[in-house]
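Just below is one structure, and these are the notes that go with it.
Protein chains: 2
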Amino acid sequence: MPRAGLDPASVVAAGAALADEVGFAGLTMGLLAERVGVRTPSLYKHIANQDDLNRRIAALALAEAADAVGAAIQGYAGRDALAAAARAFRDFVLTHPGRYAATIGVEPTGPDDPIAVAGERLLGSFTAVLRAYPIGLEEMNHALRALRSFFHGFATLQSGHAFQWSADVDDSFEWLIALVDRGLRSTPVAG
Amino acid sequence: MPRAGLDPASVVAAGAALADEVGFAGLTMGLLAERVGVRTPSLYKHIANQDDLNRRIAALALAEAADAVGAAIQGYAGRDALAAAARAFRDFVLTHPGRYAATIGVEPTGPDDPIAVAGERLLGSFTAVLRAYPIGLEEMNHALRALRSFFHGFATLQSGHAFQWSADVDDSFEWLIALVDRGLRSTPVAG
DNA sequence: CAGAGTTGGCTAATGCCATTAGCTTTTAGC
DNA sequence: GCTAAAAGCTAATGGCATTAGCCAACTCTG
Chain A
1 MPRAGLDPAS
11 VVAAGAALAD
21 EVGFAGLTMG
31 LLAERVGVRT
41 PSLYKHIANQ
51 DDLNRRIAAL
61 ALAEAADAVG
71 AAIQGYAGRD
81 ALAAAARAFR
91 DFVLTHPGRY
101 AATIGVEPTG
111 PDDPIAVAGE
121 RLLGSFTAVL
131 RAYPIGLEEM
141 NHALRALRSF
151 FHGFATLQSG
161 HAFQWSADVD
171 DSFEWLIALV
181 DRGLRSTPVA
191 G
Chain B
1 MPRAGLDPAS
11 VVAAGAALAD
21 EVGFAGLTMG
31 LLAERVGVRT
41 PSLYKHIANQ
51 DDLNRRIAAL
61 ALAEAADAVG
71 AAIQGYAGRD
81 ALAAAARAFR
91 DFVLTHPGRY
101 AATIGVEPTG
111 PDDPIAVAGE
121 RLLGSFTAVL
131 RAYPIGLEEM
141 NHALRALRSF
151 FHGFATLQSG
161 HAFQWSADVD
171 DSFEWLIALV
181 DRGLRSTPVA
191 G
């Protein structure tokens with residue numbers, strides 16, 4: 001029995017890729033073991049259990065999303081930054097539906113949890129998007145949550161095939177970006 | 001062995017209630033059987049299998065949500081209707097997280113599927129909310145999807161404890177409603 | 001370059017969960 | 001009252017996650 005040369009990172013990466021293929025719900029230890037060329041129990045030498053695997057996939061997904069969004073908004077501000085961030089985020093979710101699904105409902109165990117660290121990084125990019133809009137400090141958290149709601153909502157609905165084919169989904173997404181841009185521009189005067 | 005007096009509707013109702021208590025992922029046939037006072041295999045006399053149960057719970061949830069939103073917007077228009085619908089929808093998701101989770105990712109099998117019927121009814125209420133806004137027919141589908149994205153996104157994020165406690169979540173929700181209202185008021189001139 | 005210890009892989013076993021088969025009793029309709 | 005469908009039950013099957021315990025293969029030191 002030659003060694004497979006696995007380590008936690010490679011197992012998690014394979015798990016994320018497999019989740020993207022078969023759906024997060026279809027990700028089983030047996031399938032993942034087969035994918036990495038090992039018997040099921042051997043996976044436990046690298047990850048504690050399936051929940052641990054899910055959390056690591058979630059952290060990976062958040063880190064990758066933060067990278068994608070962060071890179072997309074470089075050099076842009078205002079509406080251009082908003083559109084770039086929104087498109088990058090949605091692209092990521094649509095091309096990596098399984099690993100993004102792993103992030104839903106996970107809660108970091110503490111501030112040093114990789115999930116929290118990556119999540120903060122993603123939030124940082126969202127904050128950068130809002131910088132050019134007339135938003136007071138006190139409203140920043142509300143605006144951040146609004147942005148997250150719209151990014152997360154649209155991406156998960158489309159990923160779950162919740163939209164009929166009555167109109168082009170990409171057009172709807174651009175329309176949504178424009179709607180949010182108008183709303184953010186005309187924030188109320190007082191904080 | 002006296003009969004328990006079960007029928008599909010009561011099993012589905014109990015399943016929805018149980019899902020709200022233990023989370024959709026924690027809903028098992030064994031737990032549901034115990035809850036309705038029957039052994040596990042007996043459930044199959046009323047529902048085909050767990051997937052069937054999930055779909056029926058989803059249809060129930062969509063119907064209830066449609067009722068709640070429809071009732072909430074009675075007599076309101078414009079921003080008032082938007083706020084009423086948003087609050088009713090979020091209240092429903094937060095008080096019934098398990099059954100709402102059952103709706104995520106389900107796809108109706110055809111136009112007569114109760115899931116499709118209830119979903120259309122909910123969409124009808126959302127359409128009514130948009131009626132007082134200056135939105136062209138061609139844009140209606142985009143606006144509808146935008147509304148769904150906001151409602152679904154915020155409600156699922158809050159339900160999944162994805163918001164930190166840095167600011168009051170109810171305030172954020174009202175802020176989001178105001179943002180969407182501003183965006184919907186100032187739609188571009190051309191359709 | 002040998003050998004001790006750690007690491008990573010394997011087989012076997014356990015327990016939970018969904019589902020099916022086949023039997024029995026209740027109950028509704030005649 | 002009788003018959004047949006409906007609704008319950010026990011027993012059995014198969015999939016999945018997880019643990020125990022064993023052995024081979026690297027690593028690292030002397």
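Residue numbers (full-length UniProt numbering), protein chains in the order written: chain A, 1 to 191; chain B, 1 to 191.
Each residue gets a CB set at the ideal place from its N, CA and C atoms; glycine is no exception.
Does the beta-carbon distance from residue i to residue j come in below 8 Å?
| i | j | result |
| --- | --- | --- |
| ALA85(A) | PHE126(A) | yes |
| residue 199(B) | VAL12(B) | Limits of chain B in this structure are 1 at one end and 191 at the other, which puts residue 199(B) out of reach. |
| ILE57(B) | ALA102(B) | yes |
| LEU32(A) | GLY5(A) | no |
| ARG99(B) | ASP7(B) | no |
| ILE135(B) | ALA146(B) | no |
| ALA167(B) | ASN141(A) | yes |
If you draw a straight line from the alpha carbon of residue i to that of residue j, how long is it in whole angstroms?
| i | j | result |
| --- | --- | --- |
| LEU35(B) | ALA77(A) | The sequence shown places Arg at residue 35(B), not Leu. Taking the straight line from one Cα to the other gives about 55 Å. |
| ALA17(A) | LEU62(A) | 14 Å |
| GLY105(A) | GLY160(B) | 5 Å |
| PHE89(B) | ALA71(B) | 11 Å |
| TRP165(A) | GLY37(B) | 44 Å |
| TYR133(B) | ASP80(B) | 12 Å |
| GLN50(B) | ALA118(B) | 20 Å |
| ARG148(B) | GLY153(A) | 8 Å |
| SER172(B) | ALA83(B) | 13 Å |
| ASP170(A) | HIS96(B) | 31 Å |
| residue 192(B) | ARG3(B) | Absent from the structure is residue 192(B), since the part of chain B shown begins at 1 and ends at 191. |
| PHE163(A) | MET29(A) | 32 Å |
| LEU137(A) | ARG185(A) | 15 Å |
| LEU27(B) | ALA9(B) | 17 Å |
| GLU139(A) | ARG39(B) | 53 Å |
| ARG55(B) | PRO188(A) | 43 Å |
| PRO111(B) | GLU120(B) | 10 Å |
| GLU174(B) | GLN74(B) | 20 Å |
| LEU130(A) | LEU130(B) | 26 Å |
| LEU41(B) | PRO41(A) | For clarity, residue 41(B) is Pro in the given sequence; the question names Leu instead. Those two C-alpha atoms are separated by around 31 Å. |
Could you check if residue i belongs to the surroundings of the ligand ZN, using beta carbon to heavy atom distance under 7 Å?
| i | result |
| --- | --- |
| TYR133(B) | In the structure shown, the ligand ZN is absent, as is every other ligand, since no ligand is present at all. |
Take residue i and list the residues in its own chain whose beta-carbon comes closer than 7 Å to its own, dropping the five residues that flank it on each side.
| i | result |
| --- | --- |
| PRO114(A) | ALA59 |
| LEU176(A) | PHE150 and PHE154 |
| ALA65(B) | PHE89, PHE92 and LEU122 |
Please list, in chain order, all residues of the same chain as residue i whose beta carbon is under 8 Å from its beta carbon, the five residues on each side excluded.
| i | result |
| --- | --- |
| LEU94(B) | ALA155, GLN158 and SER159 |
| VAL22(A) | LEU31 and GLY98 |
| GLY191(A) | Because GLY191(A) carries a pLDDT of 42, less than 50, the predicted location of this residue cannot be relied on, and the following value inherits that uncertainty. Closer than 8 Å at the Cβ level, and outside the excluded window around GLY191(A), lie GLY136, LEU137, GLU138 and GLU139. |
Got a sec? Which residues, its chain only, sit under 6 Å from residue i by beta carbon, not counting five neighbours each side?
| i | result |
| --- | --- |
| ALA116(B) | PRO108 |
| ALA68(B) | ALA88 and PHE92 |
(Q) With a threshold of 8 Å, are at least 3 pairs of Cβ atoms found where one atom belongs to the region 166 to 183 of chain B and the other to the region 115 to 131 of chain A? (A) In short, these stretches do not touch, since the Cβ pair count stays below three.
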